[in-house]
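Quick notes on the structure that follows.
Residue numbers (our numbering), protein chains in the order written: chain V, -1 to 437; chain W, -1 to 437.
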């Protein structure tokens, strides 16, 4: 019908692709009728010449149509999800999802695994003994009907086009196209059956988007795409220069979330999670405005309802809900080691990417797709940017297990951490957490 | 050693590739160790961000080293070739090669087949009964030693990297990169063992380069690359708005060349061929300057020496040399049909691409790589741009054979020819043949 090399040339020469051409490409590639080498050339041309709003809408729609859209029409409550572009120590899902569910929002959350310096929501959840993340569409819907919250991995037929395209982009230097990122996120989220989406666009040293310009461009593109798709989307651009919260590593991160849901810990992580949850409440119209939403969110913690939702979800997905009260039931590292300040001063920077890579090398994350994860290991940050320290003060606790080459690994971890922490005499303000809201 | 996706990103982000990286890419791809889908993404990134002079030099060198360089060191005479970027009716090789050989230049010519609207030198040559174009390197050298002229197809191990890269570029919209074009031409020409190269860069409606800007950029890039490679290169930018010469189609084109070598025909084709040959003589230092070269070229025709060289070459390659004197020994079409002027006026334009596509549909060229060619069919142009015609005057003779759907084919041929010829009242000058010389 079409000749692929002519469509590649069209995009290369900054011409628009028609709706029919886009459908032909996405379907043909998903079915294996168009070879990888032609699609990768097209993706690179898109990286350079981008897709306009119409093309992006049609590209995303075509992707969605290659798979099943989960039918949540039997659930009458508002269905709102959150997506984060990923950061180090980013675990807001485990806080905002039970809060939103407690406040009357249905949260149908389909998550991925981690790769590289950022952890994956699914990996963190799987720290809980017995928990299942591979759940059929039918069970997913019935858990949502009963508990309003369910957190699963990608089902087999969820946007097959995205699985193929993402794998190809990953090895061809075409991940970093704003339009391709947006189509990947939105196609998956819409296939979950949502009404609205709160997007957390991370910006900074530990994030995919390093500059405000890029973060803003991504946020604007996805908000516009959401409008075209008839979905309510709001994007918050938030700081990812230092790790979010105190704990990094799968089980350790869950513990911090449980503490926050218990009202025991208040920090940057709890603040951001509550704010994202409040936006979910507004999108879902269970609160008239952001102020009302914020007080509902706060109430859900004080009343213990959010914590109950967390336990309900764990139990519904086959996990041991007692982990919430007894952290010894979670994987625990055998050893700890204190990492101390080499000099006196004020912490200027904690490079999130370096900390993330250090955690990965410890076993908390994956270097390759098939790497195994140690759910117990990670870091507990004792200080954050702006804190004053003396030489020798503990900055962080390393949780680690024995293993081959553990000495080498610990050395490289400490080397990375040395690079991550910048201490100087000049006063510094902690970074502003929420930088911009785009809707 | 390297990660291909990181090298793709490097080029994508306008960074320079190192010499080692380039060698790794070219070797890895030629050996099949780097997949097509990564190379096509890199080629598209090169299309957008180009290669600088150093990168292009190293890219070309790495390509050359994937195959054999023909050793012509036993031949002490200057070895000069010509390359054309391709046009309709472009058959200068059959005129300039015997002329240059007659004047003391060794012409080791490795040519390709045609695809699309432009014909291939090899296809034209193969109109001659018995001629062989697949010749071993050893025989190629011995024919050159004896006759100074040999015209063959690509040998098996001539730049294997180019064979793979060209095939990939062809289907991924990455043919049109100036740097990739130059590396492809130069790697093949240098592997022939040449000392110098005259490049005929065609520009206009029937050429690959449609604008002077693009043609100039290609010419400059290849001249600079030649300097880096220690080869003498001169580039002539020449007109390809109307077909070159009078005959289009394989055997028909040979006949026009024989007529020119006999001194019977003088036209744009003979003028250009002689000028290109004169530049070959200057590069090879068998003439001190272009004026002397031009008179040597003219003498080689008048004396009949160039024609003798043509016969020698045909015989040495197993062909029937009598075709030069008796054209009935060449394939002849069964039928002819006159195409006439629909109105009175002056010919403003003969769109070379349309004429080329018409000839292709008649069977003179290949639509696909595996299409079969009819060597007899084609056109004889009776009028050229600037000529005055009356309504009903013959413009062109169509030579055709019977075949399935021949009626349909002839209709579409005439439809294309109608579009190709623009006749109007306003006076028009024939286009300037040689537009610019770059050295």
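Ideal placement from N, C-alpha and C gives every residue a C-beta, glycine not left out.
- The C-alpha of residue 74 of chain W is placed about 17 Å away from the C-alpha of residue 67 of chain W.
- Between residue 279 of chain W and residue 435 of chain W, the CB-CB gap reaches or exceeds 8 Å.
- Boundaries of the beta strand (DSSP E) harbouring residue 419 of chain V: 419 to 422, taken from the DSSP string.
- Contacts with chain W at 8 Å (Cβ-Cβ) include residue 36 of chain V.
- Using a Cβ-Cβ cut-off of 8 Å, residue 367 of chain W does not count as an interface residue toward chain V, since no Cβ of chain V sits closer than that to its own.
- One thing to note: residue 201 of chain W has its Cβ within 8 Å of the Cβ of residue 213 of chain W.
- Residue contact with chain W for residue 236 of chain V: absent (no Cβ-Cβ distance below 8 Å to any residue of chain W).
- Between residue 245 of chain V and residue 376 of chain V, the CB-CB gap stays under 8 Å.
- Distance from the CA atom of residue 28 of chain V to the CA atom of residue 143 of chain W, rounded to whole angstroms, is 57 Å.
- Per the C-alpha coordinates, the member of W:130, W:178, W:112 positioned closest to residue 53 of chain W is W:178.
- Under the Cβ criterion (8 Å, minimum of three pairs), the stretch 90 to 107 of chain W does not count as touching the stretch 392 to 412 of chain W.
- The C-alpha of residue 120 of chain V is placed about 24 Å away from the C-alpha of residue 216 of chain V.
- The C-beta of residue 6 of chain W comes closer than 8 Å to at least one C-beta of chain V.
- Residue 333 of chain V is classed as exposed because its beta carbon has fewer than 16 other beta carbons within 10 Å across all chains shown.
- Residue pairing by DSSP puts residue 81 of chain V in a beta bridge opposite V:197.
- For the stretch 153 to 171 of chain W, the beta-carbon criterion of a distance under 7 Å to any beta-carbon of chain V is satisfied by 166, 169, 170, 171.
- Within the stretch 86 to 118 of chain W, not one residue has a Cβ closer than 9 Å to any Cβ of chain V.
- Residue 13 of chain W and residue 39 of chain W have their alpha carbons spaced roughly 15 Å apart.
- Against residue 46 of chain V, the close residues of chain W are 10, 42, 43, 45, 46, 47, in the order they occur along the chain (beta-carbon pairs closer than 9 Å).
- In the DSSP annotation of this structure, residue 8 of chain W is not part of any beta strand (DSSP E); the continuous alpha helix (DSSP H) holding it starts and ends at 2 to 10.
- Contact note: residue 3 of chain W reaches chain V through 168, 169, 170, 171, using a C-beta cutoff of 8 Å and chain order.
- Residue 417 of chain W is positioned such that its CB atom lies closer than 8 Å to that of residue 352 of chain W.
- Only exposed fits residue 341 of chain V, as fewer than 16 other CB atoms lie within 10 angstroms of its CB.
- With at least 16 other beta carbons inside 10 angstroms of its own, residue 372 of chain W counts as buried.
- Straight through space, the alpha carbons of residue 235 of chain V and residue 86 of chain V are spaced by roughly 15 Å.
- In the structure shown, residue 306 of chain W adopts helical secondary structure according to DSSP, grouped into three states.
- For chain V, none of the residues of the stretch 189 to 207 of chain W brings a beta carbon within less than 7 Å of one of its beta carbons.
- In the DSSP secondary-structure assignment, residue 107 of chain V is bridged to V:149.
- For the pair residue 97 of chain V and residue 295 of chain V, the CB atoms are nearer than the 8 Å cut-off.
- When the alpha-carbon of residue 326 of chain V is set against those of V:255, V:42, V:249, V:134, the nearest one is in V:249.
- Between residue 241 of chain W and residue 350 of chain W, the gap from beta carbon to beta carbon is short of 8 Å.
- Taking a 10 Å sphere around the C-beta of residue 128 of chain W, we find fewer than 16 other C-beta atoms and assign the residue as exposed.
- The three-state reading of DSSP puts residue 233 of chain W in strand, counting E and B together.
- Chain W places no beta carbon closer than 8 Å to that of residue 314 of chain V, leaving this residue out of the contacts.
- The closest CA to that of residue 260 of chain V, considering only V:228, V:185, V:59, V:305, is found on V:305.
- Under the DSSP definition of a beta bridge, residue 16 of chain V lacks any partner.
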